[in-house]
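First up is the structure itself, then whatever we jot down about it.
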Amino acid sequence: MKRRTATQLLGVSLGGTLFAGFFFTPALPAFFGTEVFANGQSSLSKRDLFYATTLNRLRDPTAYSRAVAGAPEGNRNLLLFGSSELSSPAPQNPARFFPQHVSDFDLFVSGRGYTQSLHQAIVLSATASETPLKKVALIVSPQWFTNEGELPGAFQDVFSAESYNRLLGDSRLSEDLRQRIANRVAALRQTSTHPAARLDRVELAVSGRVELAKSAVDGARYTAPYFIADGATPVSGIDWEAQFAAAEREGDAASSNDLNIEDNYYTTYVKPALEKSKGSMAELDYAADSPEYGDLELFLEVAKAHGIEVLLISAPVHGTWYDYTGYPAGRRAMYYERIRQVAAQHGAKLADFSGHEYDPYFLYDVMHLGWKGWLHVNRACIDFALS
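If you count by full-length UniProt numbering, then the sequence shown holds residues 1 to 387, one letter each, in order.
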């Protein structure tokens, strides 16, 4: 199997690329932009800080506390970790759903493309050291669990020196846990060709201060009052049946193809490569040993050290697409079972959506959450936070 490059992983390669049945092209950010909000705004609502996915905000362990401080007193929230699905254009994405429909609850999102379990473990330690946390949620993507696991270049692209330095000084973590994380980070940074990967500890400390300064400049934009749309209701008043019906209609309007995914994505990336995609994932196995499983356990160990309850959100693959590309259902079931075992071993709650592989409009494309998928995630997060 051809080794992925970091640029292929998120669709910014020089020219369209097909790898193991997935489409990575330079136009993909048109579907999954790197920021939720448009550039050029002079100020943003204090609520926007909950949903911004800029690199500066992502690298700032104080962002969560600033967002909570800007929310109305008494509002509830949950810290949700994820990756590229957080930039999904579906209206049910938390960045759109909560400001438009919910008046008293937010999901603070942390992540973007390339942010996998190890990165999230570092951010969790840094954030929890800044602001006490009781609960967090993590969206677990099947595509993370390849033979290679996290790619060195991808990890370095989102690496936060400030968060990492705070983890190394996190007294809540055992020396053994800090050392295992440091060893894993060193292994990825030593094999990365990114210039910043060669910084030593002192240089990392300086780099971390620079990150905070950049985030402070960004933070000056969040000056408008906390935004609540007309018609938004408390979480207790959400009509989930009506929301799912609307999601069904929106998905149906956006999709006329056999995969029930967004039409522009299908026409641009899937349809032209159907012939060469058939059987292309026959050798792929997410249930096999992958460094990502160890990274996921590090995340859960960090949470336990801080007394944080975790909800793992097990996202499904696209059943019809995976059947076509040769990844058998039996092998997929082994992956889902392994995630269940990891959750059970570490005492984590699990929102298991593996039964939605063939659910129309659950996914936006062949791998990212879509109209109905995001509604399930939003509801699971609310239930977990308020339980």
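Heads up, the beta-carbon is just placed ideally off N, CA and C, and yes, glycines get one too.
Close beta carbons around W144, own chain, < 6 Å, minus the five adjacent residues each side: Q116, E292
Touch test, the stretch 295-315 against the stretch 378-386, Cβ-Cβ under 8 Å, three pairs minimum: yes
Under the three-state DSSP convention, the category R189 falls into: Here R189 sits in helix by DSSP.
Collapsed DSSP secondary structure at F105 in the structure displayed: Correct three-state label for F105: strand.
Burial state of T146, where buried means 16 or more other Cβ atoms lie within 10 Å: buried
Meets three-Cβ-pair contact criterion under 8 Å: the stretch 77-86 and the stretch 98-113: yes
At least 3 beta-carbon pairs within less than 8 Å: the stretch 296-310 vs the stretch 152-163: no
Closest Cα partner of T233 within the set N77, D289, A95, P99: P99
For A137: DSSP bridge partner residues: L80, L311
Classification of W321 by the beta-carbon crowding that lies within 10 angstroms, buried from 16 upward: buried
Every unbroken alpha helix (DSSP H) within the stretch 228-256, with a cutoff of 4 residues, ordered by chain: 240-254
Reduced DSSP secondary structure (H/G/I, E/B, other) of D359: coil
Sequence-distant residues of its chain with Cβ nearer than 8 Å to F244 (five each side left out): The answer, listed in chain order, is K372, L375.
Coarse secondary structure for S125, derived from DSSP in three states: helix
Per-residue DSSP class, three states only, for D289: coil
For D352, the three-state DSSP class (helix, strand or coil): strand
Any chain C beta carbon closer than 8 Å to L58: Structure shown: chain C not included; a single protein chain is present.
Three-state class that DSSP yields for S280 in the structure shown: In this structure, S280 counts as coil in the three-state DSSP scheme.
Outcome for L386 when other beta-carbon atoms lying within 10 angstroms are tallied against a minimum of 16: exposed
A161 versus D60: straight-line alpha-carbon distance, rounded: C-alpha separation (whole angstroms): 10 Å.
Bridge partner(s) assigned by DSSP for L369: L363
Three-state secondary structure assigned by DSSP to S88: coil
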